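Quick note on numbering: the sequence shown equals residues 13 to 165 in this note's numbering. Idealized CB from N, CA, C, for every residue including glycine. The structure presented is a predicted model; accordingly, all values stated were derived computationally and were not measured. Beneath this line is the structure, given in structure tokens, with notes to follow.
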Amino acid sequence: MRKFLLSALFLIFLVAAGKTPVAAADFPKDVHILPSSFLNIYWVDESFCMGLKQRLFTPVYATVNLDFNREATDLTLSLGLVYVLPKEEWLFRCIPVNLYFYGGGGWQYTRNQGQHNSYLLLGVNYLFLFAESVYPLGYEVEPQFRSGFSIRF
């Protein structure tokens, strides 16, 4: 129960941080590069997985991921919020490239094991690729690294 309350407070903090004018104005020149959605496609344990990040308001996104574990025939549902820090990089001083770092947290539920854990998430999007580290805040649950393709729309 305590972990759930801490996770809820963390998510409320993320929402509040995105609503304040100071937090939203930290990146005034780069905020235009944020897309409304990200579709992430990746493979975990030889299984096809998907995730979606949908903008609630700049720069806070709601996120949902479905991961299938082939060995355990288990499905994991992850729901959460992330705070995106946009940056426009100049590659070779002439090609603008959008780079997004983000961090957040949420809640995971596994179908077969019945586990529900809160988690912390750190990630980056670059061009059409992404990488994320997911750190569950539960007992006997290992951190997960996922990377793959990210489609912005």
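In this structure the stretch 53–61 does not touch the stretch 114–132; the number of beta carbon pairs closer than 8 Å is below three. Among the bridge pairs identified by DSSP, D79 is matched with T88. Going by beta carbons, L78 and L91 fall outside the 8 Å limit. By the 16-neighbour rule on beta-carbons within 10 angstroms, T75 is buried. The shortest CA-to-CA distance from I163 to any of F69, V153 and K65 is the one to K65.
Burial is judged here by how many other beta carbons sit within 10 angstroms of a residue's own beta carbon; L139 has fewer than 16 and is exposed. DSSP lists T88 as the bridge partner or partners of T122. With fewer than 16 other beta carbons inside 10 angstroms of its own, G150 counts as exposed.
Counting along the chain, the unbroken beta strand (DSSP E) around L68 starts and ends at S59 to F69. Note on P98: 16 or more other CB atoms within 10 angstroms of its CB, so buried under the neighbour-count rule. E144 places its beta carbon less than 8 Å from that of R158. For P47, there is no enclosing beta strand (DSSP E), as DSSP marks it with neither H nor E.
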